[in-house]
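Enquirer:
There are 2 protein chains.
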Amino acid sequence: MNTEDIFIKMGLDAWHTQIKRTDDLFNSLSDEQLMKEVAPGRNRGIYLLGHLAAVHDRMLPLLGLGNSLYPQLYGPFVESADKAVSDLPAIADLRRYWKEVNTKLADGFSALAPAAWFERHQAVSEEDFAKEPHRNKLNLVINRTAHLANHLGQLSFLKPKN
Amino acid sequence: MNTEDIFIKMGLDAWHTQIKRTDDLFNSLSDEQLMKEVAPGRNRGIYLLGHLAAVHDRMLPLLGLGNSLYPQLYGPFVESADKAVSDLPAIADLRRYWKEVNTKLADGFSALAPAAWFERHQAVSEEDFAKEPHRNKLNLVINRTAHLANHLGQLSFLKPKN
Numbered sequence: 160m161n162t163e164d165i166f167i168k169m170g171l172d173a174w175h176t177q178i179k180r181t182d183d184l185f186n187s188l189s190d191e192q193l194m195k196e197v198a199p200g201r202n203r204g205i206y207l208l209g210h211l212a213a214v215h216d217r218m219l220p221l222l223g224l225g226n227s228l229y230p231q232l233y234g235p236f237v238e239s240a241d242k243a244v245s246d247l248p249a250i251a252d253l254r255r256y257w258k259e260v261n262t263k264l265a266d267g268f269s270a271l272a273p274a275a276w277f278e279r280h281q282a283v284s285e286e287d288f289a290k291e292p293h294r295n296k297l298n299l300v301i302n303r304t305a306h307l308a309n310h311l312g313q314l315s316f317l318k319p320k321n
Numbered sequence: 160m161n162t163e164d165i166f167i168k169m170g171l172d173a174w175h176t177q178i179k180r181t182d183d184l185f186n187s188l189s190d191e192q193l194m195k196e197v198a199p200g201r202n203r204g205i206y207l208l209g210h211l212a213a214v215h216d217r218m219l220p221l222l223g224l225g226n227s228l229y230p231q232l233y234g235p236f237v238e239s240a241d242k243a244v245s246d247l248p249a250i251a252d253l254r255r256y257w258k259e260v261n262t263k264l265a266d267g268f269s270a271l272a273p274a275a276w277f278e279r280h281q282a283v284s285e286e287d288f289a290k291e292p293h294r295n296k297l298n299l300v301i302n303r304t305a306h307l308a309n310h311l312g313q314l315s316f317l318k319p320k321n
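Protein chains in written order, with this note's numbering: chain A, 160 to 321; chain B, 160 to 321.
1. What is the DSSP secondary structure of arginine 303 of chain B, counted as helix, strand or coil?
2. Expressed to the nearest angstrom, what Euclidean distance is found between the alpha-carbon atoms of aspartate 266 of chain B and alanine 308 of chain A?
3. Among residues of its own chain, excluding the 5 on either side of leucine 311 of chain B, which ones have a beta-carbon nearer than 8 Å to its beta-carbon?
4. What does glutamate 163 of chain B touch in chain A if you count any residue whose Cβ is under 7 Å from its own?
5. Given that a residue counts as buried once 16 or more other Cβ atoms are within 10 Å of its Cβ, and exposed if not, what is glutamine 231 of chain A?
6. Residues in its own chain within less than 7 Å of valine 237 of chain B by CB, not counting five upstream and five downstream?
7. Which residues of chain A have a Cβ atom closer than 7 Å to the Cβ of glutamine 313 of chain B, listed in chain order?
8. Glutamate 196 of chain A bridges to which residues according to DSSP?
9. Ignore the nearest five residues each way along the sequence and tell me which others in asparagine 226 of chain B's own chain have a CB closer than 8 Å to its CB.
10. Expressed to the nearest angstrom, what Euclidean distance is found between the alpha-carbon atoms of proline 235 of chain B and asparagine 302 of chain B?
11. Let's see if you can read the secondary structure: which residues bound the alpha helix (DSSP H) around glutamate 259 of chain A?
12. With distances taken between CB atoms, is the gap from leucine 224 of chain B to lysine 263 of chain B smaller than 9 Å?
13. Could you work out which residues of chain A lie near methionine 194 of chain B, taking near to mean beta carbons separated by less than 9 Å?
14. In whole angstroms, what separates the C-alpha of aspartate 164 of chain B from that of glutamate 259 of chain B?
15. Tell me whether asparagine 295 of chain A sits in a helix, a strand or coil according to DSSP, three-state version.
16. For tryptophan 174 of chain A, which of B:His306, B:Ala251 and B:Ala243 has the nearest alpha-carbon?
17. Going along the chain, which residues of its own chain have a beta-carbon closer than 7 Å to the beta-carbon of phenylalanine 288 of chain B, five neighbours each way excluded?
18. Is any beta-carbon of chain B found at less than 9 Å from that of leucine 297 of chain A?
19. Step through the CB atoms of chain B and report whether any lies within less than 9 Å of the CB of lysine 320 of chain A.
20. Taking any Cβ of chain A, which residues in the segment 205-239 of chain B have a Cβ under 7 Å from it, in chain order?
21. Between leucine 208 of chain B and tryptophan 257 of chain B, how many whole angstroms is the CB-CB distance? I'm expecting something under 8 Å.
22. Identify each residue in the segment 264-275 of chain A for which the Cβ-Cβ distance to at least one residue of chain B is less than 8 Å, and report them in chain order.
23. Quick one: residues in its chain with C-beta nearer than 8 Å to the C-beta of isoleucine 167 of chain B, no 5 flanking neighbours on either side, listed in chain order?
24. Quick check: the Cα distance between serine 269 of chain B and valine 197 of chain A, rounded to an integer number of angstroms?
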């Protein structure tokens, strides 16, 4: 493996590790548990599930991997706070969206040529990218990994303590 | 910047972003707030402060950046659960350890030659590294960034909601 391949593997391994942990956690939680707040007065599990699905869905166009699958999630789960929207999708549907979005991302990641990871993502302009060449597609994945880890730490509170 | 320098910048930027956010949070919290549990029955702020200081301190020898500054933190804050040890350091001291450890890490990161980031860290054997060349020093920083983000999400609950 050359340095470029090694670096891509490092970034993607970190992503897949956090996805796997979050998947395992969601799979271990009942719908009833997901309706609870992760801590008193904080976001509910259902909101964070929708939030993560919405943010990951938006990564598809940002990385040039196709259109968002569920753009309707962005309003209630990113632009609105939890409990501000009364009419949320069913948890069973959100679980499916979460899996589909991450599967489409994983498939897109596998198909991306190594050099493409160092191209700019769609949330940075060509001018800015010329000055800040680290703002590439792999960097977006690295930043979203930290975002996921941040919420995973919170979601873990939905599991009863042993 | 060549590709290698860009990788390193991506990894270190993500680290420094999470450090800065955690610093800002700790600075905004009183000692009294840090004595509270982040959620009912979960770790207290003081424990997570000591835990992060201890885990980051251990990164110094793992990355070949010198000895741990405060190896005595590892027992109470990594090997023991919160509330298992009654005699913890004062919060003022823990705040200082946290800053000193991260400063020593940041200085070490700046001084490291680009090629050194792709060498193995001390928690992986030479044999394993030959098979898994992505388990290098920069990868350790990437993994610890996710660990920090995980706990930062939890610590944010110590701040009262607006």
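All C-beta atoms, glycine included, are put in the ideal place defined by N, C-alpha and C.
Expert: On the basis of the data shown:
1. As a position in the second sequence, residue 303 of chain B is number 144, starting the count at 1. In the structure shown, arginine 303 of chain B sits in a helix (DSSP, three-state: H, G or I).
2. Position 107 of the second sequence, counting from 1, holds the residue named residue 266 of chain B. Position 149 of the first sequence, counting from 1, holds the residue named residue 308 of chain A. Rounded to the nearest angstrom, the two C-alpha atoms are 26 Å apart.
3. Your numbering for residue 311 of chain B matches position 152 in the second sequence. Around leucine 311 of chain B: Gln177, Arg180, Thr181 and Leu184.
4. Here residue 163 of chain B refers to the residue found at position 4 of the second sequence. Per Cβ cutoff of 7 Å: Thr162.
5. The sequence position of residue 231 of chain A within the first sequence is 72, counting from 1. The residue is exposed, with fewer than 16 neighbouring Cβ atoms inside 10 Å.
6. In the second sequence, the residue the question calls residue 237 of chain B occupies position 78. Cβ neighbours of valine 237 of chain B beyond the five flanking positions: His210, Ala213 and Val214.
7. Taking the first residue of the second sequence as 1, we reach residue 313 of chain B at position 154. Gly312 and Gln313, listed in chain order.
8. The sequence position of residue 196 of chain A within the first sequence is 37, counting from 1. DSSP lists A:Arg203 as partners of glutamate 196 of chain A.
9. Along the second sequence, one-based indexing puts residue 226 of chain B at 67. Correct list, in chain order: Leu219 and Pro220.
10. If you number the second sequence from 1, residue 235 of chain B lands on position 76. If you number the second sequence from 1, residue 302 of chain B lands on position 143. Rounded to whole angstroms, the separation of the alpha carbons of asparagine 302 of chain B and proline 235 of chain B is 22 Å.
11. As a first step, residue 259 of chain A must be located in the first sequence, where it is residue number 100. Start and end: 250-270.
12. Within the second sequence, the letter at position 65 stands for residue 224 of chain B. Within the second sequence, the letter at position 104 stands for residue 263 of chain B. Taking 9 Å as the Cβ cut-off, leucine 224 of chain B and lysine 263 of chain B qualify as a contacting pair.
13. Counting from 1 along the second sequence, the entry for residue 194 of chain B is found at position 35. Going along chain A, no residue has its Cβ under 9 Å from methionine 194 of chain B, so there is no contact; the nearest lies around 17 Å.
14. Residue numbering aside, residue 164 of chain B sits at position 5 when the second sequence is read from its first letter. Residue numbering aside, residue 259 of chain B sits at position 100 when the second sequence is read from its first letter. The straight-line gap from Cα to Cα measures roughly 26 Å.
15. Here residue 295 of chain A refers to the residue found at position 136 when the first sequence is read from its first residue. Look at asparagine 295 of chain A here: in three-state DSSP terms it is strand.
16. As a first step, residue 174 of chain A is located in the first sequence; it is residue number 15 there, counting from the start. The option with the nearest alpha carbon to tryptophan 174 of chain A is B:His306.
17. On the second sequence, position 129 is the one that residue 288 of chain B refers to. So the qualifying residues of the chain are Arg279 and Arg294.
18. Numbered from 1 along the first sequence, position 138 holds the residue referred to as residue 297 of chain A. Answer yes: the Cβ-Cβ gap between leucine 297 of chain A and chain B drops below 9 Å somewhere.
19. Walking along the first sequence from the start, residue 320 of chain A turns up at place 161. Chain B contact via Cβ: present.
20. Only those residues of the segment 205-239 of chain B whose C-beta falls short of 7 Å from the nearest C-beta of chain A would be listed, and there are none.
21. Position 49 of the second sequence holds residue 208 of chain B. Position 98 of the second sequence holds residue 257 of chain B. Contact holds; Cβ gap of about 6 Å.
22. For the segment 264-275 of chain A, which is checked against every Cβ of chain B, not one residue is closer than 8 Å.
23. The residue labelled residue 167 of chain B in the question sits at position 8 within the second sequence. Hits under 8 Å: Pro273, Trp276 and Leu297.
24. In the second sequence, residue 269 of chain B corresponds to position 110, counting from 1. In the first sequence, residue 197 of chain A corresponds to position 38, counting from 1. For serine 269 of chain B and valine 197 of chain A, the distance between alpha carbons rounds to 38 Å.
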